[in-house]
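S.K.: Take a look at the following structure, please.
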Amino acid sequence: MLHYDFDWSVLWRHPYGKMLLQGVWTTVHLSLLAWAIALPVGVAIALCRIMPCRPARLVGGAYVETLRNIPLLVQLFFWYFAVPSLLPGKTERWLYANVRDLSYVLGVLALGTYTAARVAEAVRSGLLAVPAGQFRAALSTGLSPAGTYRHVILPYALRVVIPLLSTEFLTCFKNSSLAMTIGVMETTGMANYIDSFTFHGLETTTAASLVYLLTSLSVIVLMSRIESKMRIPGMIARER
Amino acid sequence: MMRKLFGASAAALLLMWTANMACPAHAESVMDKIERTGKVNMGHREGAVPFGYMDEKGQWVGFDMDLGAELAKALETKFGKKIEYIKTPMNPKNRIPLVANGTVDVGIGSTTITLEREEAVDFSLPYFLTGTKLLVPKGSPIRDYRQLAGKKVGVGSGSTANIKGLQKAIDAKTIDPPCEMVLFEDHAKGFLGLQQGKIDAYFTDEAMLAGMRAKAQKPDDWEVVAPFLTYEPYGFILPRDDSKWRDFVNATLIRMYKDGTFEKLYNKWFGPGGQLVLPMTGEYRIMLKVLSFPD
Amino acid sequence: MDLQVIARNLEFMAGGLVVTFEITAVALAGGLLWGILLGLGRLSRIPWIYHPVTVYVHFFRSQPLILVIFWFYFLVPVMIGKPLGAFVSTLIAFVAFEAAYFAEIVRGGVQSVSGGQAAAGYSCGLRYHQVQLYIILPQALRNMLPALTTQAVVIFQDTSLAYVIGLREFLRRVNLVDTREARSIELYLFAGTVYLVLCSLGSAAARRLERRREVGLS
Numbered sequence: 006m007l008h009y010d011f012d013w014s015v016l017w018r019h020p021y022g023k024m025l026l027q028g029v030w031t032t033v034h035l036s037l038l039a040w041a042i043a044l045p046v047g048v049a050i051a052l053c054r055i056m057p058c059r060p061a062r063l064v065g066g067a068y069v070e071t072l073r074n075i076p077l078l079v080q081l082f083f084w085y086f087a088v089p090s091l092l093p094g095k096t097e098r099w100l101y102a103n104v105r106d107l108s109y110v111l112g113v114l115a116l117g118t119y120t121a122a123r124v125a126e127a128v129r130s131g132l133l134a135v136p137a138g139q140f141r142a143a144l145s146t147g148l149s150p151a152g153t154y155r156h157v158i159l160p161y162a163l164r165v166v167i168p169l170l171s172t173e174f175l176t177c178f179k180n181s182s183l184a185m186t187i188g189v190m191e192t193t194g195m196a197n198y199i200d201s202f203t204f205h206g207l208e209t210t211t212a213a214s215l216v217y218l219l220t221s222l223s224v225i226v227l228m229s230r231i232e233s234k235m236r237i238p239g240m241i242a243r244e245r
Numbered sequence: 012m013m014r015k016l017f018g019a020s021a022a023a024l025l026l027m028w029t030a031n032m033a034c035p036a037h038a039e040s041v042m043d044k045i046e047r048t049g050k051v052n053m054g055h056r057e058g059a060v061p062f063g064y065m066d067e068k069g070q071w072v073g074f075d076m077d078l079g080a081e082l083a084k085a086l087e088t089k090f091g092k093k094i095e096y097i098k099t100p101m102n103p104k105n106r107i108p109l110v111a112n113g114t115v116d117v118g119i120g121s122t123t124i125t126l127e128r129e130e131a132v133d134f135s136l137p138y139f140l141t142g143t144k145l146l147v148p149k150g151s152p153i154r155d156y157r158q159l160a161g162k163k164v165g166v167g168s169g170s171t172a173n174i175k176g177l178q179k180a181i182d183a184k185t186i187d188p189p190c191e192m193v194l195f196e197d198h199a200k201g202f203l204g205l206q207q208g209k210i211d212a213y214f215t216d217e218a219m220l221a222g223m224r225a226k227a228q229k230p231d232d233w234e235v236v237a238p239f240l241t242y243e244p245y246g247f248i249l250p251r252d253d254s255k256w257r258d259f260v261n262a263t264l265i266r267m268y269k270d271g272t273f274e275k276l277y278n279k280w281f282g283p284g285g286q287l288v289l290p291m292t293g294e295y296r297i298m299l300k301v302l303s304f305p306d
Numbered sequence: 356m357d358l359q360v361i362a363r364n365l366e367f368m369a370g371g372l373v374v375t376f377e378i379t380a381v382a383l384a385g386g387l388l389w390g391i392l393l394g395l396g397r398l399s400r401i402p403w404i405y406h407p408v409t410v411y412v413h414f415f416r417s418q419p420l421i422l423v424i425f426w427f428y429f430l431v432p433v434m435i436g437k438p439l440g441a442f443v444s445t446l447i448a449f450v451a452f453e454a455a456y457f458a459e460i461v462r463g464g465v466q467s468v469s470g471g472q473a474a475a476g477y478s479c480g481l482r483y484h485q486v487q488l489y490i491i492l493p494q495a496l497r498n499m500l501p502a503l504t505t506q507a508v509v510i511f512q513d514t515s516l517a518y519v520i521g522l523r524e525f526l527r528r529v530n531l532v533d534t535r536e537a538r539s540i541e542l543y544l545f546a547g548t549v550y551l552v553l554c555s556l557g558s559a560a561a562r563r564l565e566r567r568r569e570v571g572l573s
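Chains as they are written, first to last, in my numbering: chain R, 6 to 245; chain L, 12 to 306; chain D, 356 to 573.
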């Protein structure tokens, strides 16, 4: 019943080829920025959760539980539709008037905070894998508690969870596609957008799929190389 | 591993290509399918007042849906049996693909007939005539397109006709320095953005703007300004190369123009007692008259 | 805070939860069945089973679910010449996608069953599919229960992605109400709370199963 004329030139034809590349580039820097937020925040939350201080543990636990049990799309909508109105009127108006591409900024924040919760869980499993004696041994050498974390515990824990972290980065990369729902023209959104002008959605979506596939494979290969260099003998936290 | 992956994807693409070549280019007409299954699937808008929208009771109603009901009734008369009228939501982004891939049999959703779209789908005769304008908060300094310079203007991401029209104005330096085009999934979201202050104006067809304004909590807070920038005739979206179905749809429309049904439906939604008051322009009336082909 | 807007539209939005649960149930059942086959395929030593299955699993795990949903709703109909409804294409997309994740869970579960079990089964004269069906899988599934429950919670959250093709599940309904009522804060807090409560219950159930399993193993 349907006849589809494939037109692969849509992938490099002006202006669509450039638009597609812009979309891919947007995906890349959106994911990296979100990851740049997620990593430090995630480590901080993980540390909060193993602190002897009860309020810190509760706050950390609440953060992770809340952000992991609400779908990312809902969080994204909340950031985009609701958060600006929560700000005082003057700030809100300043935001709209002066921030170009507000959707992008809010998308980064939503993705970053969400991924931070997942990173926190991964890092926490790494921290729990550190043998208990390490902390006491480090303290006995004269390091302060903060110092033990900085020089002994964290490096150990992070090396153990590198596989988990690489999985989380890939998830972050894939989740960037959700930003298209609030108007960010990343890979998936751009493939769709080009489709509405040219009606050659099959070609553009195939290209988008290939982008994610190649990225995924590259990250896996890269990570296995890094992991083999940084592996701690005898302690590998494998994917659950 | 990479080699195997490429091999598998190459095989899949080859399979797709041969399947495409092997399939015959013709198939049964939508008319025959409707007669066979007793169902007609029509796509309608969800956030376009008063064409297709959710009213206070959560019901999905609109001018386009009444037109669809007339079409379903005509089908029942033609086939002499009950035809189930199924409504599928569609938005500016997916309305063309949904008809092109056969998910819906006809798209009645205030879609502008453009030559570019004619390459992927077919259209019925025009049934509505309007043009693009701007929706702004009351008292806004924006009165014409020149004042959009440097401002944020909202457009529907699937309203390619609107996007092209605005882009042409930017390229012709009518709007200089260029405005920032902010894309929204549909007009309802665009209006929400306007209310929240994310954009300074929303650009689309006057009928849509009037509808958005009518449905606002305080219609007097908004106004439609500026002369028509582009010309927008609406048509039903139909699958390509299906003359049987297209002729039937056109005949139904023409009959409605001639026997007054269309005018009645128009006044229900756009007349004095309707959702919003948008009297038919002179050109619109002439268009309907010209299309009233004899039997 | 206008909480009335939630009360006014509760029936409409709650109807969306029904759709969400339906999709979750089908995706869970279908995905698990297909995932078991794929998981066993991943452990197979027969090359023409192992390689295609591995390609399938790696492919689907590399794609964002949004893209898979688009494929099945817009593009597969163009290729096969037949339209699929929003609901059907969502179900197919979910089953195909989640099966790849279940495959890995199943693979882990089956590997956790001690090798002696399979050997004992074969020595009793049972064939491959009997060994799997009566000996390995029941034990593996018990081990996998916490991971399966977690994945069920993930599927429940992922149903919100069907939003992009206009499926009237819970989140889209909330969104439709928002575009009419313009009360984003109340509505998205409501949506978030509903998901939070339901998914927390699911995660808590998963944790209890995990703890019970650890106790039972001793």
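C-beta atoms are modelled at their ideal positions from N, C-alpha and C, and glycine is treated no differently.
Pick helix, strand or coil for Val33/R, following the three-state DSSP scheme.
M.R.: Three-state result, Val33/R: helix.
S.K.: Going by other Cβ atoms of all chains shown within 10 Å of its Cβ, with 16 needed for buried, is Glu191/R buried or exposed?
M.R.: Classification for Glu191/R: buried.
S.K.: Can you give, in chain order, each stretch of the beta strand (DSSP E) that sits fully within the region 150 to 180 of chain R and has at least 3 residues?
M.R.: DSSP runs (the beta strand (DSSP E)) wholly in the region 150 to 180 of chain R: none.
S.K.: Entirely within the region 204 to 285 of chain L and at least 3 residues each: give me those beta strand (DSSP E) ranges in chain order.
M.R.: Counting whole runs of 3 or more residues, the region 204 to 285 of chain L contains the beta strand (DSSP E) stretches 212 to 216, 233 to 236, 242 to 249.
S.K.: Would Met53/L and Val117/L be called neighbours here (beta carbons separated by less than 8 Å)?
M.R.: Cβ distance < 8 Å, so Met53/L and Val117/L count as in contact.
S.K.: Inspect the beta-carbon positions of Leu81/R and Leu183/R and report whether they are closer than 8 Å.
M.R.: Taking 8 Å as the Cβ cut-off, Leu81/R and Leu183/R qualify as a contacting pair.
S.K.: Which partner residues does Val52/L have in the DSSP bridge list?
M.R.: According to the sequence provided, residue 52/L is Asn. The question's Val does not apply to it. For Asn52/L, which the question treats as bridged, DSSP gives the partners Ile97/L.
S.K.: Applying a beta-carbon distance threshold of less than 8 Å, which residues of chain L neighbour Glu284/R?
M.R.: In the structure as shown, chain R starts at 6 and stops at 245, and residue 284/R therefore has no counterpart that could be examined.
S.K.: Can you confirm whether Ala33/L, when its beta carbon is compared against all beta carbons of chain R, has any partner nearer than 8 Å?
M.R.: Reliability fails at Ala33/L, whose pLDDT of 46 lies under 50, so the model's placement of it is uncertain and the value that follows must be treated cautiously. For Ala33/L, the answer is no, since every Cβ of chain R falls outside 8 Å of its Cβ.
S.K.: For Tyr64/L, which residues does DSSP report across the bridge?
M.R.: DSSP output for Tyr64/L lists Gly58/L, Val72/L as bridge partner(s).
S.K.: If you follow the alpha helix (DSSP H) that Lys163/L is in, where does it begin and where does it stop?
M.R.: Run containing Lys163/L: none in the alpha helix (DSSP H); it sits in the beta strand (DSSP E), 163 to 167.
S.K.: Please report whether the beta-carbon of Ala199/L lies at a distance below 8 Å from any beta-carbon of chain D.
M.R.: Chain D, which has a Cβ nearer than 8 Å to the Cβ of Ala199/L, makes this yes.
S.K.: Among Trp256/L, Gly79/L, Tyr64/L, which residue has its Cα nearest to the Cα of Val72/L?
M.R.: Considering only alpha carbons, the answer is Tyr64/L.
S.K.: In its own chain, which residues sit with a C-beta less than 6 Å from the C-beta of Arg154/L, not counting the 5 before and 5 after it?
M.R.: So the list reads Val236, once near-sequence residues are dropped.
S.K.: Given 8 Å as the limit, is there contact between the region 17 to 37 of chain R and the region 196 to 209 of chain R, that is, 3 or more CB pairs closer than that?
M.R.: Segments in contact, yes.
S.K.: Just confirm the distance between the C-beta atoms of Glu217/L and Thr143/L, as a whole number of angstroms; I'd bet it's less than 8 Å.
M.R.: 7 Å between Cβ atoms; contact.
S.K.: Flag this pair as yes or no: are the beta carbons of Thr186/R and Leu91/R separated by less than 8 Å?
M.R.: No, the Cβ-Cβ distance between Thr186/R and Leu91/R is not below 8 Å.
S.K.: At least one CB of chain L closer than 8 Å to the CB of Pro402/D: is that the case?
M.R.: No - not a single Cβ of chain L is within 8 Å of the one on Pro402/D.
S.K.: Residues of chain D with CB closer than 9 Å to the CB of Met65/L, please, in chain order.
M.R.: Result: Phe367, Leu531, Val532, Thr534, Arg535.
S.K.: Pull up the distance between the alpha-carbon of Ile361/D and that of Gln228/L, whole angstroms please.
M.R.: Ile361/D and Gln228/L: Cα-Cα distance of roughly 17 Å.
S.K.: So, do the region 490 to 503 of chain D and the region 422 to 434 of chain D have three or more beta carbon pairs nearer to each other than 8 Å?
M.R.: The region 490 to 503 of chain D, when compared against the region 422 to 434 of chain D, does not touch it at the 8 Å Cβ threshold.
S.K.: Buried or exposed, going by whether 16 or more other CB atoms sit within 10 Å of the CB of His198/L?
M.R.: Answer is buried; the Cβ neighbour count reaches 16.
S.K.: Could you compute how far the alpha carbon of Leu398/D sits from the alpha carbon of Arg230/R?
M.R.: Each residue's Cα considered, the two are about 24 Å apart.
S.K.: Which one of Lys437/D, Trp426/D, Arg462/D has the shortest CA to CA distance from Asn112/L?
M.R.: Nearest option by C-alpha distance: Lys437/D.
S.K.: Compute the distance between the beta-carbons of Gly165/L and Arg98/R, then report whether it is under 8 Å.
M.R.: Contact flag unset, no.
S.K.: Quick check: is the beta carbon of Glu57/L nearer than 8 Å to any beta carbon in chain D?
M.R.: By this cut-off, Glu57/L is an interface position.
S.K.: Report the rounded CA-to-CA distance for Val41/L versus Asp253/L, giving the unit in angstroms.
M.R.: If I take the Cα positions, the gap works out to 7 Å.
S.K.: What is the rounded straight-line gap between the Cα of Thr379/D and the Cα of Val532/D?
M.R.: Cα to Cα, the separation comes out at about 23 Å.
S.K.: Say whether chain L places a C-beta atom closer than 8 Å to the C-beta of Pro89/R.
M.R.: Closer than 8 Å: yes.
S.K.: Would you give the residue range spanned by the beta strand (DSSP E) that Glu127/L belongs to?
M.R.: First-last for Glu127/L: 126 to 129, but that is the alpha helix (DSSP H), not the beta strand (DSSP E).
S.K.: Indicate whether the contact test is met: 3 or more Cβ pairs, each with one atom in the region 147 to 156 of chain R and one in the region 16 to 24 of chain R, closer than 8 Å.
M.R.: As far as the Cβ criterion goes, the region 147 to 156 of chain R does not touch the region 16 to 24 of chain R, which means the pair count is below three.
S.K.: How close, in whole Å, do the beta carbons of Ile119/L and Lys50/L come, if the pair is a contact with beta carbons under 8 Å?
M.R.: Contact flag wrong, Cβ pair sits at about 16 Å.
S.K.: Rounded to a whole number of angstroms, what is the C-alpha to C-alpha distance between Leu516/D and Ala507/D?
M.R.: Computed Cα separation, rounded: 15 Å.
S.K.: Taking the DSSP output, what are the residues bridged to Pro148/L?
M.R.: Bridge partners of Pro148/L: Trp233/L.
S.K.: Provide the residue(s) that pair with Leu194/L in DSSP beta bridges, ordered along the chain.
M.R.: Leu194/L pairs with Val166/L.
S.K.: Determine, for Ala495/D, whether the minimum Cβ-Cβ distance to residues of chain R falls below 8 Å.
M.R.: No, because no Cβ of chain R sits closer than 8 Å to the Cβ of Ala495/D.
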